[in-house]
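Numbering (my numbering), first residue to last: 47 to 266.
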């Protein structure tokens with residue numbers, strides 16, 4: 047099995063690389079300095095020689111606040127970038143795997159209910175719209191492609207674009223004498239990056255396609 051992981055410097059991307067290597071797969075690890083999803087030629091150059099069986103796209107513009115400020119960039123990376131990856135993968139005879147988010151929904155379900163993959167989407171912000179569009183173009187490019195939705199990802203590595211690990215940030219504030227406050231009106235199902243990576247590889251191994259939810263059970 048040959049698998050290319052785009053966005054390998056991120057939380058899920060780095061765990062995917064580790065998990066695939068542990069399985070003995072032939073892995074191509076690509077960070078943002080090695081490939082640009084908004085540039086089709088960059089993708090063809092990076093992926094062409096390796097000729098993967100699967101191309102996993104974890105690259106994203108996912109700072110929600112920044113997406114509101116720069117919606118064009120959100121679309122360029124999360125939607126058009128997804129299209130470029132899916133089309134390049136198709137040209138190479140590979141399956142594209144796209145990571146998406148709970149933000150494709152509007153959050154208006156009853157407390158305690160769950161969203162299912164077949165539920166209609168209704169994003170309320172630029173980030174959600176861009177990821178919803180990324181899902182569409184990925185699946186329209188090939189019915190063999192896979193969309194994996196996860197939510198509120200956490201891991202030891204932390205999220206660089208959001209300032210690192212949430213727990214470390216809170217502890218740092220407390221240690222410095224600052225008030226440590228967080229919004230209390232959101233309910234979410236956190237996803238451990240290691241679990242997301244392992245679940246995704248299991249879906250790949252089983253030949254699954256379409257939309258899957260891979261967040262952890264429970265909510266906070």
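Even glycine gets a Cβ: it sits at the ideal position worked out from N, Cα and C.
| If you count every other CB in all the chains shown that lies within 10 Å of the CB of residue 159, and 16 or more means buried, which is it? | Here residue 159 is exposed, its C-beta having fewer than 16 other C-beta atoms within 10 Å.
| Proximity winner among 193, 103 and 48, relative to residue 60 (alpha-carbon distances) | 103
| task | Determine the direct distance from the alpha carbon of residue 251 to that of residue 49, and round the result to whole angstroms. | result | 11 Å
| residue 167 vs residue 128 beta-carbon contact at 8 Å | no
| For residue 160, does the three-state DSSP call read helix, strand or coil? | coil
| request: Compare the C-alpha of residue 149 against each of 240, 169 and 119 and name the closest. | output: 169
| Do three or more CB pairs link the stretch 228–237 to the stretch 127–144 at distances below 8 Å? | At 8 Å Cβ cutoff, the stretches do not touch.
| said: Please state the DSSP three-state secondary structure of residue 151. | reply: coil
| residue 195 - containing alpha helix (DSSP H), residue span | Residue 195 -> not in any alpha helix (DSSP H); beta strand (DSSP E) instead, spanning 192–196.
| Which partner residues of residue 237 appear in the DSSP bridge assignment? | 199
| field | Bridge partner(s) assigned by DSSP for residue 146 | value | 195
| request: Would you check if the distance between the CB atom of residue 177 and the CB atom of residue 147 is smaller than 8 Å? | output: Taking 8 Å as the cut-off, the beta carbon of residue 177 is found closer than this to the beta carbon of residue 147.
| Contact belief for residue 199 with residue 237 at Cβ below 8 Å, rounded distance in angstroms | 5 Å
| Assuming residue 120 contacts residue 172 under a Cβ cut-off of 8 Å, what Cβ separation, rounded to an integer in Å, is found between them? | Right, the Cβ-Cβ distance comes to about 5 Å (below 8 Å), so this counts as a contact.
| query | So, using beta-carbon positions, are residue 235 and residue 261 closer together than 8 Å? | reply | Yes, the pair counts as a contact, with Cβ atoms nearer than the cut-off.
| Residue ranges of each alpha helix (DSSP H) within the stretch 62–117, 4 or longer | 86–94 and 110–115
| request: In angstroms with no decimal places, state the Cα-to-Cα distance between residue 192 and residue 257. | output: 6 Å
| query | What do you get for residue 79, buried or exposed, if any count of 16 or more other CB atoms within 10 angstroms of its CB means buried? | reply | So residue 79 ends up on the exposed side.
| beta strand (DSSP E) containing residue 52: first to last residue? | Looking at the DSSP string, the run of the beta strand (DSSP E) that includes residue 52 is 48–52.
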